[in-house]
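Engineer: Quick one: the structure is below, questions incoming.
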């Protein structure tokens, strides 16, 4: 028997939870028998949704009645305690009981509780929110999408490495082209942080990715760039 | 005979000039006989494009061979002298020979030369670039689209008044709903400048527009807001 990937799922986060979350698990299980779901949340609500839909060998429910609300501030969410479905799901990764954690819940709380529990990779100062955006040729990794309103050149440089690493995990045979989202493609345009980041990335010449300079908003869909780096304010609004 | 609106046109700016610019004039003249075009640029290139296409009562060509290039920096453009097609077109507004100036040329130079010649309205510190964006119900005025990389709360507050004035000139019977582009609709989200602007606009209660608070990027097309205010960096990339 192959070893399954263990996915910790916060069943109580997001609109329409836990039904929408459990439906997602059922949907995934139909095409992928290689995942094991560690489901954190209210057993009385979750069990009726999943029983007889998925074989019991694929999941386990970890009961808790406490949950972070979508209206909580990040700090309020963290302060709800160590027995919320989100906290327990994250903790299972920390304790190496799970390989990865998924939550559709309060994004700010997810960041804060994750950072508290899992800490940062050495030399990386801030976490970032990332997503895959479609382009004319495939998909681009885009970050940060709102975790950090104001970013330093160090942060943006870190995001370039983090985005390239994510891209490489998705497309192991490719070297990522990384670009900074800016208001022009010429070196002299943009704010001071952007220009400083440009210098850092241009001088560093990372072996893990190619630095392609700036990308303008109207070229995001062209597919020439695999990783698009931005501060969280601009990335979120775009 | 009614008095025509006098439009100063920089014929030498933008890709495909002067042909594209002159084609635009011809196109406009077909449906609107109320405009008179003061065309600034190289007469030898312009005349063959417009002769026999438009009656001579609708236009006059002001010859100059000097023009600002798209590759000029704003300052380089301004330094090309007072006989460029763009400078002369702007100057005709200053001298009240024209009511309005249009250029598809170097945007940075257009801003700098306009500010030098026409000055700012009293109490307004910075000009802004604006456009009309379609939404589900009509059009929204959006500004700033790239003139000002970094903006103070005073600037964003000014842009609100300027955008509302533009909206009112287009739709005289409506009171504009003005909103600030932000990463969330709650008061506590965003950077310090955005929050300070929120306070200014909320306290001021302008009679010229309704302040509707924040708008998120995913609601730009909803049509609930008539004027969308942003710093130039975010506005340009969005």
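Protein chains in written order, with my numbering: chain A, 3 to 240; chain B, 3 to 240. Note that the Cβ used here is the ideal one computed from N, Cα and C, for glycine as well.
1) Determine the DSSP secondary structure at residue 10 (chain A), reduced to helix, strand or coil.
2) For residue 236 (chain B), go through chain A and note every residue whose CB falls closer than 9 Å to its CB, in chain order.
3) What residues in the stretch 70-104 of chain B have a beta carbon less than 9 Å from any beta carbon of chain A?
4) Entirely within the stretch 163-229 of chain B and at least 4 residues each: give me those alpha helix (DSSP H) ranges in chain order.
5) Can you have a look at residue 14 (chain B) and say buried or exposed, based on whether 16 or more other CB atoms are within 10 angstroms of its CB?
6) Check residue 62 (chain B) in the structure and name its three-state DSSP category.
7) In chain A, what lies closer than 8 Å to residue 219 (chain B) by C-beta?
8) Any idea if residue 204 (chain A) is buried or exposed, counting beta-carbon neighbours within 10 angstroms, 16 or more meaning buried?
9) State the beta-bridge partners of residue 132 (chain A) as determined by DSSP.
10) Would you be able to state if there are at least three C-beta pairs under 8 Å between the stretch 71-81 of chain B and the stretch 42-50 of chain B?
11) List the whole-angstrom C-beta distance separating residue 226 (chain A) from residue 179 (chain A), where the pair is believed to meet the contact cut-off of C-beta under 8 Å.
12) Among the candidates A:174, A:37 and A:100, whose CA atom is the shortest distance from the CA of residue 228 (chain A)?
13) Is residue 56 (chain A) helix, strand or coil when you go by DSSP?
14) Flag residue 183 (chain A) as yes if its beta-carbon sits less than 8 Å from any beta-carbon of chain B, otherwise no.
15) With a CB to CB cut of under 7 Å and the five nearest residues on each side skipped, what residues in its chain are close to residue 90 (chain A)?
16) As an exercise, report each continuous alpha helix (DSSP H) stretch of at least 4 residues that is fully enclosed by the stretch 76-132 of chain B, in chain order.
17) Closer than 9 Å, Cβ to Cβ, to anything on chain A: give me those residues from the stretch 148-163 of chain B, in chain order.
18) With distance defined between alpha-carbon atoms, name the residue in B:53, B:19, B:17 and B:60 nearest to residue 5 (chain B).
19) According to DSSP, is residue 41 (chain B) part of a helix, a strand, or is it coil?
20) Take residue 123 (chain A) as the anchor and find which of A:100, A:160, A:32 and A:110 has the nearest alpha-carbon.
21) Assuming the contact rule is C-beta atoms closer than 8 Å, residue 138 (chain A) and residue 25 (chain A) should be a hit. Round their C-beta distance to whole Å, please.
22) Please classify residue 102 (chain A) as buried or exposed, where buried requires at least 16 neighbouring CB atoms within 10 angstroms.
23) Are the beta-carbon atoms of residue 92 (chain B) and residue 113 (chain B) separated by less than 8 Å?
24) Check the C-beta distance from residue 130 (chain A) over to residue 88 (chain A) and give it rounded, since I have them as a contact under 8 Å.
25) My assumption, with CB atoms under 8 Å, is that residue 147 (chain B) sits in contact with residue 166 (chain B). Please give the rounded CB distance.
26) Judging by CA-CA distance, which residue of B:109, B:126, B:183 and B:192 is the nearest neighbour of residue 143 (chain B)?
27) According to DSSP, simplified to helix, strand and coil, what is residue 238 (chain A)?
28) What does a CB cutoff of less than 7 Å around residue 177 (chain A) pick up in its chain, not counting 5 residues either side in sequence?
29) Taking all protein chains shown into account, decide if residue 21 (chain A) is buried (16 or more other Cβ within 10 angstroms of its Cβ) or exposed.
30) Nearest-angstrom Cα distance between residue 157 (chain B) and residue 234 (chain B)?
31) Are residue 36 (chain B) and residue 72 (chain B) close, meaning C-beta to C-beta below 8 Å?
32) I think residue 111 (chain B) touches residue 80 (chain B), with their Cβ atoms under 8 Å apart; what is that distance to the nearest whole Å?
Structural biologist: With the structure as the only source:
1) In this structure, residue 10 (chain A) counts as strand in the three-state DSSP scheme.
2) Within chain A, the residues whose beta carbon sits less than 9 Å from that of residue 236 (chain B) are 235, 236, 239 and 240, listed in sequence order.
3) For the stretch 70-104 of chain B, residues whose beta-carbon sits nearer than 9 Å to a beta-carbon of chain A comprise 75.
4) The qualifying runs are 194-206.
5) Buried, by the Cβ-count rule.
6) The three-state reading of DSSP puts residue 62 (chain B) in strand, counting E and B together.
7) Taking the beta carbon of residue 219 (chain B) as reference, the chain A residues within 8 Å of it are 238, 239 and 240, listed in sequence order.
8) Label assigned to residue 204 (chain A): exposed.
9) Under DSSP, residue 132 (chain A) takes part in a beta bridge, and its partners are A:145.
10) Result no; under three Cβ-Cβ pairs closer than 8 Å.
11) Contact flag correct, Cβ pair sits at about 7 Å.
12) Checked all of A:174, A:37 and A:100; the closest Cα to residue 228 (chain A) is A:174.
13) In this structure, residue 56 (chain A) counts as coil in the three-state DSSP scheme.
14) Yes, because at least one Cβ of chain B sits closer than 8 Å to the Cβ of residue 183 (chain A).
15) Taken in chain order, the residues that qualify are 42, 64 and 66.
16) List check, alpha helix (DSSP H) in window: 76-81, 87-96 and 109-120.
17) When C-beta distances to chain A are compared with 9 Å, the residues of the stretch 148-163 of chain B below that value are 148, 151 and 152, in chain order.
18) A check of alpha carbon separations from residue 5 (chain B) across B:53, B:19, B:17 and B:60 identifies B:60 as the nearest.
19) Three-state DSSP puts residue 41 (chain B) in a strand.
20) Of the candidates A:100, A:160, A:32 and A:110, the one whose C-alpha sits nearest the C-alpha of residue 123 (chain A) is A:160.
21) Actually they are not in contact, since the Cβ atoms of residue 138 (chain A) and residue 25 (chain A) sit about 31 Å apart, beyond 8 Å.
22) Residue 102 (chain A) should be labelled exposed.
23) No; because the gap between Cβ atoms is not below 8 Å, this pair is not in contact.
24) About 19 Å separates the beta carbon of residue 130 (chain A) from that of residue 88 (chain A), a gap too long to meet the 8 Å contact definition.
25) Not confirmed; about 17 Å, so no contact.
26) With distances taken between CA atoms, residue 143 (chain B) lies nearest to B:183 out of B:109, B:126, B:183 and B:192.
27) Residue 238 (chain A): helix per DSSP, three-state reduction.
28) Correct list, in chain order: 211 and 212.
29) Per the 10 Å Cβ criterion, exposed.
30) Approximately 11 Å between the Cα atoms of the pair.
31) No; because the gap between Cβ atoms is not below 8 Å, this pair is not in contact.
32) Contact holds; Cβ gap of about 6 Å.
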